[in-house]
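Numbering (this note's numbering), first residue to last: 1 to 370.
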Ligand code: NAD
Ligand code: TYD
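Spelled out as structure tokens, the structure:
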């Protein structure tokens, strides 16, 4: 494959079939870019604003890869994005860029409105102008894939069936409300303007490079640091967990074979209560990295005040993507969680470097008064 650009952003000629990935320095975006390049599918232009959650170190292994270019910027910066589209002429835009943490959306929703709603709107408009400039074969090949969440469907009762693509949107948190809003914009830009969009709604991800504000990496980090393992409420909230590499393979399947204008639910068929996850992590750590005092990590578990408006249960029915596109996850929860714990044990430097002062301020804000 010939180069699209050097990672230092030096101009180069456009590469056929390149893709523009937004939010590429975050958890799932980085996993997606690394896997895309590992499969040698085509060149990638990565765009990221590098908020607290964006970390260029996640893309360090492709920093000098001639198939990859990193651009620092905001999806809402129409001039910048229009310039990138004009210069690289990607065959697809894959939009991961978002504010993604529910607890942060409760403490400060403004950034969520700015990026998830207004940023997505601007990205759509910029992409629409680019799409309108394409010739017919280019138009036929072009896709805009928007990465969304199961949280837009709200909370399930204990015995209700898992969410299908036909469930009503009932978002309950500022995060899920802004993701729902962005999903609606995507749909409208397809229906009204003919932009060839695809939407994926995925369950909770876990795996390498996840910022340690989210449940699984937070518990691993706190366990190893001798800190309390803070379980919200009674710990019986249920989530469907998917290993991040499986989410990335699902997105590739949708990009390749998904039907324009359709939404696809993605899940791991691994529904678990939060407290089960925390116990499992403690068991694995007890075996793989026992505490020096001979006691168990389970003793660090503490139940603390609940998250306001905390959704009780999410579960995904991924039958549509399985039957239409032949996608199913490769990892079970057991294999995925073992890989994840191993990655965090093997990469203490990565965790140490994301523990900035701002991160410590966040822990203080979210956990001190519960
Ligand atoms: P993340 O918070 O780890 O990464 C988000 C990335 O977007 C960061 O690198 C950040 O710098 C970047 N970003 C934020 N605002 C931006 C802007 N205005 N312009 C450009 N870049 C910007 O999130 P994640 O967990 O990797 O999630 C990625 C996407 O997947 C999100 O859209 C999220 O809603 C969705 N999703 C996440 C999960 C999950 O379990 N993590 C599950 C389903 C869907
Ligand atoms: P999180 O990883 O924030 O993902 P989401 O809210 O998008 O599902 O949280 C997963 C679950 O874990 C959620 O029910 C909240 C719970 N949780 C805790 O109990 N303690 C914590 O410290 C965190 C961060 C989450």
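The beta carbon of each residue, even a glycine, is placed where N, CA and C say it ideally should be.
Among 132, 110, 60 and 322, whose alpha-carbon lies nearest the alpha-carbon of residue 246? Among 132, 110, 60 and 322, the Cα nearest to that of residue 246 is on 322.
Are residue 208 and residue 31 close, meaning C-beta to C-beta below 8 Å? Yes, they are a contact pair.
Thinking just about the alpha-carbon of each residue, which of 101, 163 and 359 is nearest to the one in residue 205? Closest by alpha carbon: 101.
Alpha carbons only, please: which of 368, 293, 220 and 189 is nearest the one belonging to residue 305? The residue with the shortest Cα to Cα distance from residue 305 is 368.
Residue 337 burial status per 10 Å Cβ neighbour count (16 or more: buried): Buried: at least 16 other Cβ atoms inside 10 Å.
Sorry if obvious, but does the Cβ on residue 205 come closer than 7 Å to a heavy atom of the ligand TYD? Checking the 7 Å criterion, the Cβ of residue 205 is out of range of every heavy atom belonging to the ligand TYD.
Please classify residue 346: is it buried, with 16 or more other beta-carbons within 10 angstroms of its beta-carbon, or exposed? With fewer than 16 other Cβ atoms within 10 Å, it is exposed.
Taking the alpha helix (DSSP H) that residue 163 belongs to, which residues open and close that run? Bounds of any alpha helix (DSSP H) do not take in residue 163, whose DSSP letter is neither H nor E.
Can you give me the C-alpha to C-alpha distance between residue 52 and residue 213, rounded to a whole angstrom? Approximately 11 Å between the Cα atoms of the pair.
Rounding to the nearest angstrom, what Cα-Cα distance links residue 134 and residue 108 in this structure? Their backbone Cα atoms lie some 39 Å apart in a straight line.
Do residue 47 and residue 78 come within 8 Å of each other at the CB atom, strictly closer than that value? Not a contact, by the Cβ cut-off of 8 Å.
Straight-line Cα distance separating residue 271 from residue 42: Roughly 34 Å between the two C-alpha positions.
Does DSSP put residue 19 in a helix, in a strand, or in coil? In the three-state reduction of the DSSP assignment, residue 19 falls in the strand class.
Helix, strand or coil for residue 13 per DSSP? For residue 13, the pLDDT reaches just 46, beneath the cut-off of 50, and the residue's location in the model is therefore unreliable, although a value from the coordinates is still provided. Three-state DSSP puts residue 13 in coil, outside helix and strand.
In the DSSP output, what is residue 302 paired with across the bridge? The bridge partners DSSP lists for residue 302 are 230.
So if DSSP puts residue 371 in a beta bridge, which residue, or which two residues, is it bridged to? Since the first and last residues shown for the chain are 1 and 370, residue 371 lies out of range.
Is it the case that the CB of residue 25 approaches a heavy atom of the ligand NAD more closely than 7 Å? Yes, since a heavy atom of the ligand NAD falls inside the 7 Å radius drawn around the Cβ of residue 25.
Please list the segments of the alpha helix (DSSP H) lying wholly inside the stretch 236–298, counting only runs of 4 or more residues, in order along the chain. Unbroken alpha helix (DSSP H) stretches of 4 residues or longer found wholly inside the stretch 236–298: 244–257 and 274–288, given in chain order.
Is there at least one non-hydrogen atom of the ligand NAD closer than 7 Å to the beta-carbon of residue 96? Yes, the beta carbon of residue 96 sits closer than 7 Å to at least one heavy atom of the ligand NAD.
Applying the 10 Å Cβ sphere with the 16-neighbour rule, what's the burial state of residue 60? That one is exposed.
Is the distance from the Cβ of residue 197 to the Cβ of residue 169 below 8 Å? Not closer than 8 Å, so no.
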